[in-house]
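Just below is one structure, and these are the notes that go with it.
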Amino acid sequence: MMNFLIPVATLGGLAVFVGLILTLVSRLLKVEKEFTVRVTNDGNEFTVGWNANLAEALKAAGYGIMTSCGGQGVCGTCRVRIIEGLDEPSPAQVGPLKGKLRKEGWVLSCQVQVQNDLVIELFAPLVSSWPAVAKARAEAETEAKAETKAKAETEAKAGAGAEVKAGGEGEGEGPGAPPDQPKSKPESEPKPKSG
(Lines of atoms letter the chains of each structure in order from A and count residues from 1; the text may use other names and numbers.)
(Lines give C-alpha, C1' and ligand atoms only; values in the text may rest on other atoms or scores of the structure.)
Protein backbone atom coordinates (compact mmCIF):
# COMPACT_ATOMS: atom_id res chain seq x y z
CA MET A 1 0.00 0.00 0.00
CA MET A 2 2.82 2.39 0.78
CA ASN A 3 4.37 1.77 -2.62
CA PHE A 4 1.16 2.94 -4.24
CA LEU A 5 1.00 6.24 -2.29
CA ILE A 6 4.47 7.45 -3.27
CA PRO A 7 3.80 7.49 -7.05
CA VAL A 8 0.40 9.16 -6.52
CA ALA A 9 1.94 11.86 -4.33
CA THR A 10 4.74 12.36 -6.86
CA LEU A 11 2.24 12.72 -9.71
CA GLY A 12 0.13 15.16 -7.68
CA GLY A 13 3.17 17.27 -6.89
CA LEU A 14 4.23 17.18 -10.53
CA ALA A 15 0.74 18.30 -11.63
CA VAL A 16 0.83 21.25 -9.21
CA PHE A 17 4.29 22.20 -10.44
CA VAL A 18 3.22 22.04 -14.11
CA GLY A 19 0.12 24.10 -13.27
CA LEU A 20 2.24 26.79 -11.64
CA ILE A 21 4.60 26.91 -14.62
CA LEU A 22 1.67 27.21 -17.06
CA THR A 23 0.13 30.01 -14.96
CA LEU A 24 3.43 31.87 -14.88
CA VAL A 25 3.93 31.51 -18.65
CA SER A 26 0.34 32.65 -19.26
CA ARG A 27 0.88 35.76 -17.14
CA LEU A 28 4.16 36.55 -18.85
CA LEU A 29 2.51 36.28 -22.25
CA LYS A 30 -0.30 38.59 -21.17
CA VAL A 31 2.16 41.15 -19.84
CA GLU A 32 3.86 41.24 -23.24
CA LYS A 33 0.53 41.64 -25.05
CA GLU A 34 -0.33 45.12 -26.28
CA PHE A 35 -3.78 46.42 -27.07
CA THR A 36 -4.96 49.27 -29.24
CA VAL A 37 -7.19 52.00 -27.85
CA ARG A 38 -8.97 54.09 -30.50
CA VAL A 39 -10.59 57.37 -29.50
CA THR A 40 -13.53 58.14 -31.81
CA ASN A 41 -13.61 61.86 -30.94
CA ASP A 42 -10.40 62.51 -32.86
CA GLY A 43 -9.54 59.19 -34.54
CA ASN A 44 -6.34 58.86 -32.52
CA GLU A 45 -5.04 55.37 -31.72
CA PHE A 46 -2.42 54.31 -29.21
CA THR A 47 -1.21 51.06 -27.71
CA VAL A 48 -1.14 50.02 -24.08
CA GLY A 49 0.11 46.98 -22.23
CA TRP A 50 -2.12 44.31 -20.77
CA ASN A 51 -4.02 45.40 -17.65
CA ALA A 52 -3.04 49.07 -18.03
CA ASN A 53 -5.31 51.53 -16.27
CA LEU A 54 -7.33 53.29 -18.98
CA ALA A 55 -7.33 56.73 -17.31
CA GLU A 56 -3.56 56.62 -16.87
CA ALA A 57 -3.10 55.38 -20.45
CA LEU A 58 -5.24 58.25 -21.76
CA LYS A 59 -3.17 60.75 -19.77
CA ALA A 60 0.06 59.21 -21.07
CA ALA A 61 -1.30 59.55 -24.63
CA GLY A 62 -1.82 63.29 -24.07
CA TYR A 63 -5.48 63.51 -23.08
CA GLY A 64 -6.29 65.78 -20.16
CA ILE A 65 -8.64 63.37 -18.39
CA MET A 66 -10.04 64.72 -15.16
CA THR A 67 -9.93 62.50 -12.11
CA SER A 68 -11.34 64.70 -9.38
CA CYS A 69 -11.38 61.84 -6.89
CA GLY A 70 -7.82 60.79 -7.70
CA GLY A 71 -8.89 57.61 -9.44
CA GLN A 72 -10.96 56.25 -6.57
CA GLY A 73 -14.00 55.65 -8.80
CA VAL A 74 -16.44 57.91 -6.99
CA CYS A 75 -16.69 61.16 -8.96
CA GLY A 76 -17.47 60.21 -12.59
CA THR A 77 -15.34 62.96 -14.18
CA CYS A 78 -13.12 60.46 -16.02
CA ARG A 79 -16.01 58.75 -17.76
CA VAL A 80 -15.65 57.32 -21.24
CA ARG A 81 -18.09 55.41 -23.40
CA ILE A 82 -16.85 51.97 -24.38
CA ILE A 83 -18.06 51.32 -27.92
CA GLU A 84 -16.13 48.07 -28.43
CA GLY A 85 -14.00 45.87 -26.21
CA LEU A 86 -15.84 45.61 -22.88
CA ASP A 87 -18.82 43.29 -22.76
CA GLU A 88 -20.30 43.84 -19.34
CA PRO A 89 -18.87 46.51 -17.02
CA SER A 90 -18.43 45.68 -13.36
CA PRO A 91 -20.16 47.69 -10.61
CA ALA A 92 -16.83 49.41 -9.86
CA GLN A 93 -16.47 50.43 -13.51
CA VAL A 94 -19.83 52.20 -13.56
CA GLY A 95 -19.43 53.60 -10.05
CA PRO A 96 -21.77 56.55 -9.43
CA LEU A 97 -23.04 56.71 -13.04
CA LYS A 98 -26.79 56.24 -13.25
CA GLY A 99 -29.59 55.46 -15.72
CA LYS A 100 -28.99 56.80 -19.20
CA LEU A 101 -25.19 56.94 -18.84
CA ARG A 102 -25.05 53.28 -17.82
CA LYS A 103 -27.38 52.23 -20.66
CA GLU A 104 -25.25 54.13 -23.20
CA GLY A 105 -22.09 52.28 -22.08
CA TRP A 106 -20.32 54.99 -20.08
CA VAL A 107 -17.79 53.75 -17.51
CA LEU A 108 -15.14 55.23 -15.26
CA SER A 109 -11.81 55.09 -17.08
CA CYS A 110 -9.97 55.03 -13.74
CA GLN A 111 -11.60 51.67 -12.99
CA VAL A 112 -10.97 49.98 -16.37
CA GLN A 113 -7.96 47.69 -16.75
CA VAL A 114 -7.30 47.24 -20.48
CA GLN A 115 -7.47 43.56 -21.44
CA ASN A 116 -8.77 43.90 -25.02
CA ASP A 117 -8.58 46.30 -27.93
CA LEU A 118 -10.93 49.18 -27.14
CA VAL A 119 -12.89 51.73 -29.14
CA ILE A 120 -13.96 54.55 -26.85
CA GLU A 121 -15.57 57.96 -26.87
CA LEU A 122 -14.39 60.62 -24.44
CA PHE A 123 -16.83 62.91 -22.68
CA ALA A 124 -15.37 65.98 -24.41
CA PRO A 125 -16.58 68.69 -21.97
CA LEU A 126 -14.48 67.09 -19.23
CA VAL A 127 -11.29 66.67 -21.32
CA SER A 128 -9.02 69.60 -20.49
CA SER A 129 -6.52 68.98 -23.30
CA TRP A 130 -6.09 66.83 -26.38
CA PRO A 131 -2.89 65.19 -27.64
CA ALA A 132 -0.67 66.92 -30.17
CA VAL A 133 -1.29 64.09 -32.66
CA ALA A 134 -4.99 64.85 -32.69
CA LYS A 135 -4.35 68.59 -32.94
CA ALA A 136 -1.93 68.10 -35.82
CA ARG A 137 -4.42 65.84 -37.62
CA ALA A 138 -7.23 68.38 -37.16
CA GLU A 139 -5.00 71.23 -38.36
CA ALA A 140 -3.91 69.19 -41.40
CA GLU A 141 -7.55 68.43 -42.25
CA THR A 142 -8.49 72.10 -41.90
CA GLU A 143 -5.55 73.13 -44.10
CA ALA A 144 -6.43 70.51 -46.72
CA LYS A 145 -10.04 71.72 -46.81
CA ALA A 146 -8.87 75.33 -47.22
CA GLU A 147 -6.54 74.33 -50.07
CA THR A 148 -9.32 72.37 -51.77
CA LYS A 149 -11.68 75.32 -51.45
CA ALA A 150 -9.09 77.77 -52.81
CA LYS A 151 -8.34 75.46 -55.75
CA ALA A 152 -12.06 75.10 -56.53
CA GLU A 153 -12.52 78.88 -56.41
CA THR A 154 -9.53 79.40 -58.73
CA GLU A 155 -10.87 76.81 -61.17
CA ALA A 156 -14.33 78.38 -61.03
CA LYS A 157 -12.88 81.81 -61.84
CA ALA A 158 -10.80 80.38 -64.68
CA GLY A 159 -13.86 78.57 -66.03
CA ALA A 160 -15.96 81.73 -65.87
CA GLY A 161 -13.30 83.62 -67.86
CA ALA A 162 -13.27 80.94 -70.52
CA GLU A 163 -17.06 81.15 -70.85
CA VAL A 164 -16.90 84.91 -71.40
CA LYS A 165 -14.35 84.46 -74.18
CA ALA A 166 -16.38 81.69 -75.73
CA GLY A 167 -19.50 83.83 -75.56
CA GLY A 168 -18.44 86.01 -78.50
CA GLU A 169 -16.63 88.95 -76.91
CA GLY A 170 -13.84 90.35 -78.95
CA GLU A 171 -13.73 90.56 -82.69
CA GLY A 172 -14.40 86.93 -83.50
CA GLU A 173 -17.39 85.83 -85.50
CA GLY A 174 -19.39 83.58 -83.27
CA PRO A 175 -19.11 81.62 -80.14
CA GLY A 176 -16.23 79.48 -81.41
CA ALA A 177 -14.16 82.16 -83.16
CA PRO A 178 -10.95 83.33 -81.55
CA PRO A 179 -11.30 86.90 -80.25
CA ASP A 180 -8.48 88.42 -82.33
CA GLN A 181 -9.67 87.11 -85.70
CA PRO A 182 -11.31 89.79 -87.88
CA LYS A 183 -14.90 89.24 -88.74
CA SER A 184 -15.21 87.73 -92.15
CA LYS A 185 -17.17 89.47 -94.84
CA PRO A 186 -20.40 87.87 -95.84
CA GLU A 187 -20.06 85.75 -98.88
CA SER A 188 -21.51 87.33 -101.98
CA GLU A 189 -24.27 85.58 -103.82
CA PRO A 190 -23.08 83.00 -106.30
CA LYS A 191 -22.59 84.30 -109.79
CA PRO A 192 -24.73 82.73 -112.46
CA LYS A 193 -22.90 80.50 -114.89
CA SER A 194 -22.77 81.80 -118.34
CA GLY A 195 -23.10 79.58 -121.09
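With this note's numbering as the guide, the letters of the sequence shown map in order to residues 15 to 209.
Beta carbons: idealized from backbone N, C-alpha and C, even for Gly.
As the structure is a prediction and not an experimental result, all values here were calculated from the model.
query, result
"Give me the DSSP bridge partner(s) of G99.", "Paired residue(s): none; G99 is not in a bridge."
"Does the Cβ-Cβ distance between A69 and V128 come in under 8 Å?", "no"
"May I have the straight-line CA-CA distance separating L100 from R52, to the nearest angstrom?", "13 Å"
"For L38, count neighbouring Cβ atoms within 10 angstroms of its own Cβ and tell me buried if that reaches 16, exposed if not.", "exposed"
"Once you ignore the five residues that flank N130 on each side, which residues in its own chain have a CB closer than 8 Å to its CB?", "F49, G99, L100"
"Is the beta carbon of G87 closer than 8 Å to that of Q125?", "yes"
"Between G76 and A146, is the Cβ-Cβ spacing less than 8 Å?", "yes"
"Assign L68 to one of three DSSP states: helix, strand, or coil.", "helix"
"Report buried or exposed for I134, applying the criterion of at least 16 other Cβ atoms within 10 angstroms of its Cβ.", "buried"
"Pull up the distance between the alpha-carbon of E102 and that of L132, whole angstroms please.", "13 Å"
"Measuring CA to CA, which of L136, C83, I97 is closest to P110?", "C83"
"In this structure, how does DSSP classify V126 when only helix, strand and coil are distinguished?", "coil"
"Based on Cα-Cα distance, which residue from S123, E59, E153 lies nearest to A66?", "S123"
"T91 to E167, Cα distance in whole Å?", "45 Å"
"Give every residue of the same chain whose Cβ lies closer than 7 Å to the Cβ of F31, excluding the five residues on either side of it in the sequence, and list them in chain order.", "none"
"Report, in whole angstroms, the separation of the C-beta atoms of T54 and I97, which I expect to be a contact under 8 Å.", "7 Å"
"Applying the 10 Å Cβ sphere with the 16-neighbour rule, what's the burial state of R93?", "buried"
"According to DSSP, R52 sits in a beta bridge with which residue or residues?", "E59, V133"
"DSSP on V32, reduced to helix/strand/coil?", "helix"
"Thinking C-beta only, is M80 closer than 8 Å to L136?", "no"
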